[in-house]
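Written below as structure tokens is the structure these notes are about.
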Amino acid sequence: MRPINDAHVAEPGLAVVEVAAADDETAFAVQELLATRWASALADRTTREPGEPGVRLRCFLDLRQQPDT
């Protein structure tokens, strides 16, 4: 994964969440749970590191805002 950009955590209430999971389904389920609670920039794909088990996913949260419903 690319390094975290300073702008993604420039203010209190902004967070970068990296999920490590066994499979895509699990990673996206965790992301969906986070998105029900906070405004989120969602990932549309996971990444796999050669030689490492499972998948990774990164999403960006704004804890200051509730998601649009």
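Numbered as in my numbering, the sequence shown ends at 91 without a single skipped number. From the three backbone atoms N, C-alpha and C, an ideal C-beta is built for every residue, glycine too.
Query                                                                                          : Result
Per-residue DSSP class, three states only, for Glu40                                           : strand
Of the residues Gln88, Glu74, Arg80, the one placed nearest Thr68, counting alpha carbons only : Arg80
Which of helix, strand or coil DSSP assigns to Leu64                                           : coil
Expected contact under 8 Å - CB spacing of Ser62 and Leu56 to nearest Å                        : 6 Å
Inter-residue spacing [alpha-carbon to alpha-carbon] between Glu74 and Ala49                   : 15 Å
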